[in-house]
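Below is one structure, written out as C-alpha cells; the observations come after it.
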Amino acid sequence: MSEGTAVLKSTVHSLDAQPPLPRDRFIVADQPDEEAIPMDVVFVGGGPGGLAGAIELARLVKEDNENGGGIGEIEIAVLEKAGQLGEHNLSGAVVNPSAFKELFPDLPMDDLPLRRPVTKEAVYVMTESKSYRIPTPPTMKNHGNWIGSISEIVRWLGEQAEGMGVNVFPGFPVDSLLVDGDNVIGVRTTPSGLGRDGEPASADAMPAVDLTAQVTVLSEGSRGPLSQAWYDWQNVKAENPQIYALGVKEIWEVKTPLDRIIHTMAWPLPTDAFGGSFAYPLSDNTVALGLVVGLDYGDARLDVHELLQRMKLHPLFREILEGGEMIEWGAKTIPEGGYYSVAERRHGDGLIVIGDAAGYVEVSSLKGIHYAMHSGIMAARQIFEGLKKGDTSADALAGYTAAVDGSVIMKDLKERRNMRLAFKGGFFAGGVKAGLMTLTKGAFPGGKISIEEDAADPKHLGAEKEKFVPDGKLTFSKVDAVYKSGNQTRDDIPSHLIVGEDVSPEVAEMYVHLCPAGVYERDGDKLVVNAPNCVDCKATDVLGPRWTPREGGSGPAYRQM
29 MSEGTAVLKS
39 TVHSLDAQPP
49 LPRDRFIVAD
59 QPDEEAIPMD
69 VVFVGGGPGG
79 LAGAIELARL
89 VKEDNENGGG
99 IGEIEIAVLE
109 KAGQLGEHNL
119 SGAVVNPSAF
129 KELFPDLPMD
139 DLPLRRPVTK
149 EAVYVMTESK
159 SYRIPTPPTM
169 KNHGNWIGSI
179 SEIVRWLGEQ
189 AEGMGVNVFP
199 GFPVDSLLVD
209 GDNVIGVRTT
219 PSGLGRDGEP
229 ASADAMPAVD
239 LTAQVTVLSE
249 GSRGPLSQAW
259 YDWQNVKAEN
269 PQIYALGVKE
279 IWEVKTPLDR
289 IIHTMAWPLP
299 TDAFGGSFAY
309 PLSDNTVALG
319 LVVGLDYGDA
329 RLDVHELLQR
339 MKLHPLFREI
349 LEGGEMIEWG
359 AKTIPEGGYY
369 SVAERRHGDG
379 LIVIGDAAGY
389 VEVSSLKGIH
399 YAMHSGIMAA
409 RQIFEGLKKG
419 DTSADALAGY
429 TAAVDGSVIM
439 KDLKERRNMR
449 LAFKGGFFAG
459 GVKAGLMTLT
469 KGAFPGGKIS
479 IEEDAADPKH
489 LGAEKEKFVP
499 DGKLTFSKVD
509 AVYKSGNQTR
519 DDIPSHLIVG
529 EDVSPEVAEM
539 YVHLCPAGVY
549 ERDGDKLVVN
559 APNCVDCKAT
569 DVLGPRWTPR
579 EGGSGPAYRQ
589 M
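Per the numbering used here, the sequence shown starts with residue 29, numbered consecutively.
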C-alpha cells in the first residue's frame, strides 16, 4: 500500500533509480562443465518462434539425411523456464496463420491449434460512459486471421517438435551465455531448490547445468535479459532504443456469446498514453479481455491493472461479462519500437536472436506471433546451412539477418515505421499523423522520429485518486489476480529482482502502480518487495528493478492465455 507521511516530489526520474544491466551475470567467459550436455543447437525459450525454428531445423535435417546429404545426427534442444510449455506465454491473440501454412503446408486449417476465424470485428472510441463505433482502421482489419490462445499454440507446437525428435526441456531457465572470445559456445541454466540466502534449501536442490551448442538461438521473448546483454556486450545498436507496452489480460467464462472481435481506444487511458483494449471470443462461452498501455505514459501513478478493472464497469464490457466468471489473469510486456528499434544485426558468432526478443512486433496491426514463427523458420534455414558447411561464425549466420530484412517482417515494420512513435505527442495528434502514414505507406513524415528509452522519459506524480475497491465479481484486486494466474513460486525462493540502492519515495510510488502483480509496496519512505508475486511480465525491468531468471517452474501457470 502507498502509505506514510513522506511529502512526495512532483517529478519521477526512473532512470536515476534503475540499476545497470548485470551483463557479467548473463555473459560468462567460462568453459562448460565437464558434465555439460552436448547439443548442436539450443533454443532459449519455448515460445512460438523457438519451437517453429526447432521444428523447421529438425525437418531440414531429416530431409537431408533421407536424401543422402550426410549431415548426420543433429541434437536440437528447446529450453523453457516455465514448468510446462505455454504456462508463461500470453498474447491477445488474433493470429495471422501464414507461418503455420509455411511450417505445416499439408495440414488443413481445422487441424491447427487455432480456435476460430475472425468473421466480424468492431472498433470503438470510448468515453467514460459511452462508446462510438468507427470504421476499422486499415491496419487493424483482420479478415483471414484466426482467434487463438498462445498457450494452446505453444503446447501444440511442442508436441510437433517432440514428434520430430527435438529435445524439449520445460523447467530449465537459462541464467547465462557461455562465451569464448566473441563466440557463444553454450548456455548455463539457473539452479533450483535454493533458499533466500542462495544456499541449497533441501536435498532436492539442483545445481546449474551447462549445455554446449554450435548455435544458440535467443527466443526468450519480450525484454529478454540474455538478448539485452548480448547486444550490449557486442555493441550492436539500433537507430532508436526499444520501447515497451504492458498488457494485462483476463479470460472470462460468459453467459452470452460474443459474435465479433472488439478493439477500443481512448478511455480509460489519459490522452498522453498510447494503447487500447481488446475482447476476443475464444468460444461461445469464453472471452479473452485485455488492456495494453505504452510504458511512456506521463503519470507515475497510472496503474494498468486498475484501469482494466475500471474499464470492465463500462456498459460496453459490463454487458459482455455480467454474470460470468473470471477464470484466468496474466500480464506481459510487448516491444513497440518497431522498425527503427530493431538492431542492425541479430546474429553473431554462434548466436541468433528471433521473435519478440529481436523486436519483431508491428503495433498498429497488433501482430507478432507469425513474425516470431517466420523468424524462427528463417533462423533454422541459415543454421542448417552453417551446420552443413561446418561454419557457425557470424559471417556464416549473417544470411539470417539478411533474410529477415528482405522478408514480410521488415517490410511491414518499415511501412509503419513511425506509426507508434507518432503518438509520443499525444493521442489526438498521433491519430492524425497515423492516418497520414497509412495513406502514404509510411512516406509521411519523411524521416525517422527519434525517441528515448522509456526509463529516460521523466514522469509526473499525478494526484492520488480515490482508492478503487474491487467487488470480487466483476473487478479484482492484484492479490486475487495473481491467484488466478496460477502462480507457482515458492515463498522462500531467492529474489530474482535487482533493486536500485537509492529508491526515492516517488519512484517507489511509481513501482507500486506500475507492477500489475503487487510485487511492490511503499511503507512510508521504504520500498517493500514481494518477489514471489511476480508473473514475469518484466514491466519493472523496463522502468526499474532488473528482472533475472529464477528457479524453473516459478511464476504463472497460464492455460488459455
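Using N, Cα and C, we set each Cβ at its ideal position, and we do this for glycine too.
Counting only runs of 3 or more residues that sit fully inside the stretch 356–411, the beta strand (DSSP E) segments are 379–381, in chain order. Two segments are said to touch when three or more pairs of C-beta atoms, one from each, lie closer than 8 angstroms; by this definition the stretch 70–90 does not touch the stretch 542–556. Within the stretch 242–296, the complete alpha helix (DSSP H) segments at least 4 residues long are 253–262, listed from N- to C-terminus.
A Cβ-Cβ contact shorter than 8 angstroms links MET401 with ALA127.
Runs of alpha helix (DSSP H) with 4 or more residues, each lying fully within the stretch 110–173, are found at 126–131, listed in chain order.
Short of 6 angstroms from the beta carbon of VAL320, and not among the five residues preceding or following it, lie these beta carbons of its own chain, in chain order: ALA273, GLY275 and GLY303. Per DSSP, the continuous alpha helix (DSSP H) segment holding PHE345 begins and ends at 343–349.
Membership of LYS554 in any alpha helix (DSSP H) is not indicated; the residue belongs instead to the beta strand (DSSP E) covering 554–557. Between SER250 and PRO363, the C-beta spacing is below 8 angstroms. Between LEU107 and PHE200, the beta carbon gap of about 5 angstroms places them in contact (Cβ cut-off 8 angstroms). Between the alpha carbons of ALA509 and GLY500 lies a distance of about 10 angstroms. The shortest C-alpha to C-alpha distance from ALA105 to any of ASN558, ALA408, TRP295 and SER255 is the one to ALA408. Exposure of LEU467 is indicated by the presence of fewer than 16 other C-beta atoms within 10 angstroms of its C-beta. An exposed status is given to ALA484, since fewer than 16 other beta-carbon atoms sit within 10 Å of its beta-carbon. One thing to note: ARG346 has its Cβ no nearer than 8 angstroms to the Cβ of PRO296.
The beta carbon of GLU481 lies closer than 6 angstroms to those of PRO269 in the same chain, with the five residues before and after it left out. Each of THR420, VAL391, ASP433 and ALA422 was checked against the Cα of SER403, and the nearest Cα belongs to ASP433. Assigned with DSSP and collapsed to three states, MET538 falls in helix. By the criterion of a C-beta distance shorter than 6 angstroms, MET154 is surrounded in its chain by THR292, ALA294 and TRP295, once the five residues flanking it on both sides are discounted. The Cβ atoms of TRP258 and VAL315 lie no closer than 8 angstroms to each other.
Non-local C-beta neighbours of THR240 in its own chain, meaning closer than 7 angstroms and more than five positions away in sequence, comprise PRO60, ALA64, PRO66, MET67, ILE213 and GLY214, ordered along the chain.
By the Cβ test, the stretch 567–585 is in contact with the stretch 36–54, since at least three Cβ pairs between them sit closer than 8 angstroms. Taking C-beta atoms as the reference points, ALA307 and ILE355 fail to come closer than 8 angstroms. By the CB criterion at 8 angstroms, GLY111 and ALA585 fall inside the cutoff.
Runs of alpha helix (DSSP H) with 4 or more residues, each lying fully within the stretch 159–239, are found at 178–191, listed in chain order.
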